[in-house]
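Following: one structure in C-alpha cells, then a few remarks.
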Amino acid sequence: MSSPTFPPSESFKFSMLLSDTRYRGMSLQVITFIIFMAVFFWLVDNTIKNLALLDKDVSFNFLWLRAGYDINQRLIPYTSDSTHGMAALVGILNTLLVAFVGCIIATVLGLFVGILRLSKNWIVAKLMSAYIEGFRNVPVLLWIVMVFALLTEFTPAPRAFKGAEPEATMLFFESIAITNRGTYFPAPVLAEGAYWLLLCFGLSIVASIYFIRYANKQKKDTGKSLPTFWVSSVVIVFPTLILFFAMGQPVSLEYPYLKGFNFKDGIHLRNSFLALTLALAFYTSAFIAEIVRAGIMAVSKGQSEAAASLGLRPNKIMSLIILPQALRIIVPPLISNYLNLTKNSSLAIAVGYMDVRGTLGGITLNQTGRELESMLLLMGFYLAVSLVISSFINYFNRSFQIVVR
Amino acid sequence: MMTKIAFVRKKEIPPSAPPITEVGLIGWLRQNLFSSWLNSILTVLSVYFIIIMLWDFIPWAYGGHWNTKSLRECLDLDPDVACFSVLTARWKQLLFGLYPAEEYWRPTLTFIFLLLAIVPILFPKFFRFFWFSIIYPGLAVWLLWGGSFWSISIVYVGLTLGALFFLTVIRRYLKNYMIAAILAFLFTALFFLFISNPLVGLLNVILPISLPFVESLKMGGFTLSLIVGVTGIVASFPIGILLALGRQSNLPVIKMICVGFIEFIRGVPLITLLFVASVLLNYFLPPGTNFDIVLRVVIMVTLFSAAYMAEVIRGGLAGLPLGQHEASASLGLTYWQSQRLIIMPQALKISIPGIVNTFIGLFKDTTLVSIISLRDPVGLASTIRADQKWNGIYWELYVAIGFMFFIFCWGMSQYSQYLERKLKTDK
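Chains A and B, in that order, are what the protein sequence lines are.
For the first sequence, my numbering gives the first residue as 1, with consecutive numbering after it.
For the second sequence, my numbering gives the first residue as 1, with consecutive numbering after it.
In C-alpha cells, the structure reads:
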C-alpha cells in the first residue's frame, strides 16, 4: 500500500502539511493522537469528578475484606468468612472449569458432527445440518435456559428413588443418579499408596511419548514403521493395572446413596453447572462442526488423488496427507471458538452458576459498591485469558502456516 | 473361397435398462442410505431417532390448547399436550414489550418499512428506491419514539446542507478534500448549534406534526431486539471497515489505536460491556449526564460487533494478493481511490460469509440485554413465567422465541449464500 510520492518542486509551505503525501500521514497521526489523548483525559477527568461527588476513592482493599456470602459450587475451600479476593478466585476457577469441560465436549461433538455432515449417507448428512443450523441460529442464552429447564423439570426428584419399587432408578449398576437437584457420580477415593499409582501412570505416559519419538525417528531413518498405537497403549495401561492389583486396590469408588430426601457422597454436579456446560458445548460444537467440514473440504481433491497414485492406503492418506493440511486450517478458528465459549460462560448468571462474573462482578460488586474496581478486575481477567489464547494462535500460525512473501 | 459372414448387425443394440437396483427409488436408496453396512446402521439409527422425536413432538404440538385462561386450565384439560394459550394471551407483549397498546401500529409500520427499506440494499434490481433506505432511519426513530417530526427531519436537513457545502467548496474553490471536509464539518456544527433549534421551534408553531412520545424503557420484545440488532448491524459495518483499514495502515499511531480497540473489545464478553453501559458509563460522562439506556446498549453492541467485523474484513484484506495493492498504486490511484475501486470490492466479497456470521451473532447477542433487565423476548419469558397464571410453563414460550430468532438468522445465512453464488466470478 505505498502511496505515490512526487519530487519536491517547491519549497515547504504550511498547506503542504495537509496536501503533500510526504507530510500528510504525519500530520494526520498528530491530529489523531491529540484527539485521542483529549478524549482520554476528558473521560479520566469526568471519572475523578464523579468519584469526588460520590465521595468514593479507587482502592482494591475490598479484596481482603470478609465476603459474607456462600458459593455452593467451589473447587477450593471457601466459606462465607473468606475474603472477597477468595470469592473472586473461586469464581475464576469455576469459569475455567466450565470452559475446560465445555471445550472438550464441544470438540468431540463438533468433530463427530462435522465429519458426519460430509457423509454420503443422505439422511445422516441432513440430520447433522439440522443440528448445526438449529444450534447456530438460536441465541445461546435461550439454549442455556432451555437445557436448564430440561434438567430441572424432566428429571425425577431424589425422593422418587426411594422405596421398594421406586419411580426412578440409578443408571449404570446403581452408580449414577440423575435428579432435579443435579447429577451424582461415584467419586474416586484415594487410599494410602494411591500416589505411587499416579506416579506410575505418569511415568508410563512419559515412556510412551519417548517410544513414539523413537518410532518416528526409526521411520525417518529406515522407512520401517513400528506399531506405535498398540505398544503405547500397552505401556500406558498395564504397569498401572498390575501395580493397582499388586498394592491391593488403593483406589476405590465411593458410590452416591440416598439418605433422607437427598443423595449423599459421590461427586455432585449441580444442574446449573451441567446446563451451562452442556448448552455452551452444544452451541459451540455446531460452529466447530462447520470449521471441521470447511477444513476437510479445503484440502483439494488432487491431494488425495496424488497420494493414492503414490500407492498410499486410504487411512494413510487421511493421516499423512489430508489431516495435516486440514488441521492447519482448522486449528486457529477452533481455538478462537474456545475463546468464545469461555467468554459466553459469563452468561452463567442466567442459571445461577457462580462464575467470576457472578462472584466478583455480581455479589461482590453489589455488596461493596466498588463497580469501577470490580469491572476493571473482571475485564482484566477475561483480557488475560484472551491474550494467552490469541498468543497461542499466533504461535501456531507462525509455526505452521505456509510462508508467502 | 469366400467366407460367408453369417451375421452382421446393421443397427446398434438399444441400451438395456439399468438394473432395477441402480436407478429410481431403489437405486437412490442404495446409493445414499445403504451403500455399506456402516451406512445402513447409521441410516436405521437416524430414522429411529427422527421417529421418536416426532412421535413425542407432533401430538404435543398438534393437540395444543390455544384458548385457555391459565396453565392450570390447560393441565386440567390434557396435561400431555402443549399449552400455546400463553402465546395467545401474551403475544402482544412478546412482540412489543410495554409499548402502549393504542400505538402498536407504530412499531408494526416501522417493521413493514424496514422490509421495504432493505429491499434496495439486498437486490440491486430495486436500487432506484435507495432513497427510501436513506430516509428510513430517521423515519423509524420518529415512528418508534415519537415527538416532533421536525426535530428528526432537521437532522437530515443539516446533513444535506453540510454535504452540499462540501461539494460546492470542492467544485468552486479548492481541490483539497481534507480541508473541504473540515470546513463542511464546521459548517454543519454551526448549523446544529445555532440554527436548527430556533428553526424547529418555528416549524413546530407553523405546522405542528408530532406523535406521542414513548420512552425507551417501554420498548421490549422483538421490537427491542430488532431496534438493537438492525441499528447495530447498519452502524457496525462502516466502523468495522474503518477499523480494519486502520489496523492495516502504515501510520503507527492509527494502527496502535485500532489494534488496541479491537483486541480490547474482542477480549471481554459482551455482557461486561453491557454492564459498563448500564452501571459504569455514568462515571465516565460529565456529572449529571444521563442518556437513554437503549441508546447506550445500541452503542455498546455496535462497538462490540464492529471489532469483530474489523477482524473479518482484515481477513478478507489479507486474502487479497499483494499485487492488487501494488498494481493499483502503479496505476496512480490514491489510497482512498484504490481502496474504493480495487481493494474493498474484492476483500468484502471474500469476507461475505464472515460478515453475515457477525451480523447473525450480533442479532443473537441482543438477547443478552435481558441480563441488564431490559425486556427483550428472553427477559419477557421470565417475566411471563413469574405470572401466577403461567407459572411453570417452559417449552411453549422458548420454542416460540427460538423459532422467531431462527427465522431471522437462518434468513440472513440463506441470503449470504445467495449473494456468494451471485458474486462468484471464477468457474
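Backbone N, C-alpha and C fix where the C-beta goes; we use that ideal spot for every residue, glycine too.
8 angstroms Cβ cut-off: residues of chain A touching residue i
{"i": "ILE254 (chain B)", "result": "LEU28, GLN29 and THR32"}
{"i": "TYR283 (chain B)", "result": "ASN46, THR47, ASN50, LEU51, GLU371 and LEU372"}
{"i": "PHE275 (chain B)", "result": "GLY361 and MET375"}
Residue nearest to residue i in terms of C-alpha spacing, selected from the options
{"i": "VAL378 (chain B)", "options": "B:PHE222, B:LEU285, B:VAL234 and B:GLY354", "result": "B:PHE222"}
{"i": "SER285 (chain A)", "options": "A:ASN340, A:ARG270 and A:LEU312", "result": "A:ASN340"}
{"i": "PHE403 (chain B)", "options": "B:SER85, B:SER16 and B:LEU94", "result": "B:LEU94"}
{"i": "CYS258 (chain B)", "options": "B:ILE239, B:LEU270, B:LEU273 and B:THR272", "result": "B:ILE239"}
{"i": "LYS69 (chain B)", "options": "B:GLN388, B:ILE112, B:ALA400 and B:LYS349", "result": "B:GLN388"}
{"i": "SER210 (chain B)", "options": "B:VAL200, B:LEU217, B:VAL47 and B:SER216", "result": "B:VAL200"}
{"i": "THR359 (chain A)", "options": "A:ILE48, A:TYR69, A:ASN50 and A:LYS49", "result": "A:TYR69"}
{"i": "VAL228 (chain B)", "options": "B:TRP395, B:VAL157, B:LEU144 and B:PHE129", "result": "B:LEU144"}
{"i": "THR364 (chain A)", "options": "A:ILE35, A:ALA88 and A:ILE115", "result": "A:ALA88"}
{"i": "LEU397 (chain B)", "options": "B:ALA61, B:GLN31 and B:LEU285", "result": "B:ALA61"}
{"i": "PHE135 (chain A)", "options": "B:PHE405, B:SER416, B:TYR418 and B:PHE213", "result": "B:PHE405"}
{"i": "ARG66 (chain A)", "options": "A:MET26, A:ASP81, A:ARG74 and A:SER204", "result": "A:ASP81"}
Chain A residues whose Cβ lies nearer than 9 angstroms to that of residue i
{"i": "SER148 (chain B)", "result": "Here the premise fails: no neighbours, minimum Cβ distance about 31 angstroms."}
{"i": "SER46 (chain B)", "result": "ASN121, ILE123, VAL124, LYS126 and LEU127"}
Beta-carbon neighbours of residue i, restricted to chain B and to distances below 8 angstroms
{"i": "THR83 (chain A)", "result": "Ordered by position in chain B, no residue passes the 8 angstroms Cβ test against THR83 (chain A), which lies about 22 angstroms from the chain."}
{"i": "GLN346 (chain A)", "result": "For the sequence presented, residue 346 (chain A) should be read as Ser rather than Gln. The contacting residues are PRO269, ILE271 and THR272."}
Same chain, Cβ closer than 7 angstroms to residue i, neighbours up to 5 away in sequence not counted
{"i": "THR155 (chain A)", "result": "ILE178, THR179 and ASN180"}
{"i": "SER370 (chain B)", "result": "ASP376, VAL378 and GLY379"}
{"i": "GLY232 (chain B)", "result": "VAL298, VAL301, THR302, SER305 and LEU362"}
{"i": "PHE275 (chain B)", "result": "ILE372"}
{"i": "LYS120 (chain A)", "result": "none"}
{"i": "THR408 (chain A)", "result": "This structure gives no information on residue 408 (chain A), because the portion of chain A shown stretches from 1 to 405."}
Within chain B, partners of residue i - CB distance below 7 angstroms
{"i": "ASN121 (chain A)", "result": "ASN32, LEU33, ASN39, LEU42 and THR43"}
{"i": "ILE349 (chain A)", "result": "ILE371"}
{"i": "LYS343 (chain A)", "result": "PRO269"}
Contact set for residue i: own chain, Cβ-Cβ below 6 angstroms, skip 5 residues either direction
{"i": "GLN325 (chain A)", "result": "VAL299"}
Below-8 angstroms beta-carbon distance, residue i vs any chain A residue
{"i": "LYS364 (chain B)", "result": "yes"}
{"i": "GLN417 (chain B)", "result": "no"}
{"i": "VAL268 (chain B)", "result": "yes"}
{"i": "SER351 (chain B)", "result": "no"}
{"i": "THR383 (chain B)", "result": "no"}
{"i": "THR358 (chain B)", "result": "no"}
{"i": "TYR394 (chain B)", "result": "yes"}
{"i": "PRO286 (chain B)", "result": "yes"}
{"i": "TRP410 (chain B)", "result": "yes"}
{"i": "PHE405 (chain B)", "result": "yes"}
{"i": "LEU243 (chain B)", "result": "no"}
Residues that residue i contacts on chain A, provided the C-beta gap is smaller than 7 angstroms
{"i": "GLY402 (chain B)", "result": "VAL138 and LEU142"}
{"i": "CYS83 (chain B)", "result": "Those do not exist, as CYS83 (chain B) stays about 14 angstroms from chain A at its closest Cβ, beyond 7 angstroms."}
{"i": "LEU193 (chain B)", "result": "Those within 7 angstroms of LEU193 (chain B) in chain A number zero; the least Cβ separation is about 19 angstroms."}
Partners in chain C for residue i, counting only beta-carbon separations shorter than 7 angstroms
{"i": "MET146 (chain A)", "result": "Among the chains of the structure shown, chain C does not appear; the protein chains present are A and B."}
Beta-carbon contacts of residue i that lie in its chain and below 8 angstroms, excluding the five residues immediately before and after
{"i": "VAL141 (chain B)", "result": "ILE152"}
{"i": "ASP20 (chain A)", "result": "none"}
{"i": "ARG405 (chain A)", "result": "Summary for ARG405 (chain A): the model assigns pLDDT 49, below 50, so the residue's position carries little reliability; its value from the coordinates is reported in the next sentence. Counting only Cβ-Cβ distances below 8 angstroms, and skipping sequence neighbours, we find nothing."}
{"i": "LEU33 (chain B)", "result": "ASN39, SER40 and THR43"}
Rounded distance between the beta-carbons of residue j and residue i, thought under 8 angstroms
{"i": "SER236 (chain B)", "j": "MET309 (chain B)", "result": "5 angstroms"}
{"i": "VAL147 (chain A)", "j": "SER272 (chain A)", "result": "Incorrect: roughly 11 angstroms between the Cβ atoms, too far for contact."}
{"i": "PRO158 (chain A)", "j": "PHE244 (chain A)", "result": "With 8 angstroms as the limit, PRO158 (chain A) and PHE244 (chain A) do not qualify as a contact, their Cβ atoms being about 33 angstroms apart."}
{"i": "ASN94 (chain A)", "j": "ASP265 (chain A)", "result": "Wrong, their Cβ atoms sit about 22 angstroms apart, outside the cutoff."}
{"i": "GLU71 (chain B)", "j": "PHE113 (chain B)", "result": "Note that residue 71 (chain B) is Leu in the sequence shown, not Glu. Not quite, the Cβ-Cβ distance comes to about 37 angstroms (not below 8 angstroms), so this is no contact."}
CB contact below 8 angstroms: residue i versus chain B
{"i": "SER386 (chain A)", "result": "yes"}
{"i": "VAL39 (chain A)", "result": "no"}
{"i": "ALA149 (chain A)", "result": "yes"}
{"i": "MET297 (chain A)", "result": "no"}
{"i": "TYR195 (chain A)", "result": "no"}
{"i": "GLY311 (chain A)", "result": "no"}
{"i": "LEU93 (chain A)", "result": "no"}
{"i": "GLU133 (chain A)", "result": "yes"}
{"i": "SER300 (chain A)", "result": "no"}
{"i": "GLY25 (chain A)", "result": "yes"}
{"i": "LEU378 (chain A)", "result": "yes"}
{"i": "ARG293 (chain A)", "result": "no"}
{"i": "TYR338 (chain A)", "result": "no"}
{"i": "PHE36 (chain A)", "result": "yes"}
Proximal residues of chain B, C-beta to C-beta of residue i below 9 angstroms
{"i": "ARG357 (chain A)", "result": "PRO269, ILE271, THR272 and PHE275"}
{"i": "LEU97 (chain A)", "result": "Chain B residues near LEU97 (chain A): none, gap ~17 angstroms exceeds 9 angstroms."}
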